[in-house]
Amino acid sequence: MNDFELWISSAKTLSEKNFRSVVHIILNAISSQHELQTEMVMKGGILMAIAYHTGRYTRDIDFSTSRHYSEFQDGQANFIENIGNAIKLSSAQLPYDFSCAIQSSEVRPGILGNFQTLHLTVGYAPKNNAKAMKRLNDGQASQVVKIDYSFNELVGDLGLIDVGGEEHLQTYGLLTLIAEKYRALIQQGSGTGKRVRGSSRGQDIFDLHSLLAQSPPSKNAQEHLVQLLIEKAHSREVTASRSSMADPAVFDKSKDRYEALKHEIDGELPDFDEAFSFVQSFYELMPWPQAQTTT
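Mapped onto this note's numbering, the consecutive letters of the sequence shown carry residue numbers 9 to 303.
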């Protein structure tokens, strides 16, 4: 049983198993279409739950590309048609009793700027439920999975995951996931840089604690991790240094709503102070270049 099959089989409720099955349909679709597989790089909570067993994920499937939205815009309608057709084909071929179809699409924050995200909503319905199938075909499905496809991202190291398609799905590698999480923390803490969204970063502390505890990078890998983090922060006009995690705002914004995660995860929620201390200590003990030791 591979990681993906284990993730589906470990669902605790039927509705959760159905959701995970539809995620499989979508990922299989992307990995089976070369034009999609070569551009879309999976990241985010669902990837971490599948590949690293973190026990926390959102209802969105997150992807990135290094392409700027301006390079994608003219082909957007064709892209949506292609991914929609691929998802329909995947739902017909895989052994799940669901039909799937794209219900809506929206680009936010708009066509101007540097960091757009294409938000797709994929509806699903049991094939033997006529009313649910009609809602699906009318673009009004009550059960949905969301896809967030972000542009102009510094992707970094890549990994691969087998989701049963013709090719493996491209993903953020472990070091890229860690660097992205730290970048989000220090960017939110400083309140500077591009595309600051929201103020609560408790999920990043939980995810980093899980990743670092289960798969701690070696000393040699940490040198590359630091460089990835510096580059990712720079791409958002944020300066990453050894002291960045000591910003009181990082602590405050990480603690906000952290306790609410206990309703969203499998297993026990680590004590916040212990988790934050662990994440901060790892960050500060990494081999930072002299120029980034203080800021």
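Ideal Cβ positions, reconstructed from N, Cα and C, are used throughout, including at glycine.
Cα-Cα separation between residue i and residue j, rounded to whole angstroms
| i | j | result |
| --- | --- | --- |
| residue 53 | residue 178 | 15 Å |
| residue 21 | residue 66 | 16 Å |
| residue 126 | residue 220 | 30 Å |
| residue 227 | residue 166 | 19 Å |
| residue 176 | residue 37 | 11 Å |
| residue 196 | residue 186 | 16 Å |
| residue 73 | residue 237 | 17 Å |
| residue 243 | residue 162 | 7 Å |
| residue 295 | residue 229 | 10 Å |
| residue 99 | residue 109 | 9 Å |
| residue 215 | residue 181 | 14 Å |
| residue 41 | residue 153 | 19 Å |
| residue 212 | residue 56 | 12 Å |
| residue 234 | residue 145 | 48 Å |
| residue 155 | residue 137 | 24 Å |
| residue 31 | residue 81 | 26 Å |
Close-in-space but distant-in-sequence residues of the same chain around residue i (CB under 8 Å, 5 per side omitted)
| i | result |
| --- | --- |
| residue 75 | 47, 159 and 160 |
Unbroken beta strand (DSSP E) run spanning residue i, endpoints
| i | result |
| --- | --- |
| residue 134 | 125 to 134 |
| residue 149 | Taken as a continuous stretch (DSSP letters only), residue 149 belongs to no beta strand (DSSP E), as it is neither H nor E. |
| residue 4 | Outside the displayed span of the chain (9 to 303) sits residue 4, for which this structure offers no information. |
Burial state of residue i (16 or more Cβ within 10 Å)
| i | result |
| --- | --- |
| residue 101 | exposed |
| residue 193 | buried |
| residue 119 | exposed |
| residue 202 | With a pLDDT of 47 at residue 202, under the threshold of 50, the modelled position of that residue is not reliable, and the figure given next carries that caveat. By the neighbour-count rule (16 or more Cβ atoms within 10 Å), residue 202 is not buried but exposed. |
| residue 189 | buried |
| residue 83 | exposed |
| residue 254 | exposed |
| residue 279 | exposed |
| residue 85 | exposed |
| residue 271 | exposed |
| residue 288 | buried |
| residue 105 | exposed |
| residue 14 | exposed |
| residue 116 | exposed |
CB-CB length for residue i against residue j, believed under 8 Å
| i | j | result |
| --- | --- | --- |
| residue 94 | residue 44 | 6 Å |
| residue 171 | residue 39 | 5 Å |
| residue 305 | residue 208 | Residue 305 falls outside the range modelled here, since the chain spans only 9 to 303, and no answer is possible. |
| residue 107 | residue 139 | With 8 Å as the limit, residue 107 and residue 139 do not qualify as a contact, their Cβ atoms being about 13 Å apart. |
6 Å CB neighbourhood of residue i in its chain, flanking five on each side removed
| i | result |
| --- | --- |
| residue 148 | none |
| residue 266 | 210 and 280 |
| residue 112 | 129 |
Where the alpha helix (DSSP H) containing residue i begins and where it ends
| i | result |
| --- | --- |
| residue 260 | 256 to 263 |
| residue 279 | Per DSSP, residue 279 belongs to no alpha helix (DSSP H) and is neither H nor E. |
| residue 252 | Element bounds for residue 252: n/a, residue is neither H nor E. |
| residue 49 | Looking at the DSSP string, residue 49 is not in any alpha helix (DSSP H); the run it does join, the beta strand (DSSP E), is 49 to 51. |
| residue 109 | Run containing residue 109: none in the alpha helix (DSSP H); it sits in the beta strand (DSSP E), 106 to 116. |
Any non-hydrogen atom of the ligand ATP closer than 7 Å to residue i Cβ
| i | result |
| --- | --- |
| residue 48 | The ligand content of the structure shown is nil, which means the ligand ATP is not present either. |
Beta-carbon proximity list for residue i, same chain, < 7 Å, skipping 5 on both sides
| i | result |
| --- | --- |
| residue 274 | 63 |
| residue 239 | 162 |
| residue 269 | 64, 210, 211, 214 and 277 |
Below-8 Å beta-carbon distance, residue i vs any chain C residue
| i | result |
| --- | --- |
| residue 260 | No chain C appears in the structure shown, which is made up of a single protein chain. |
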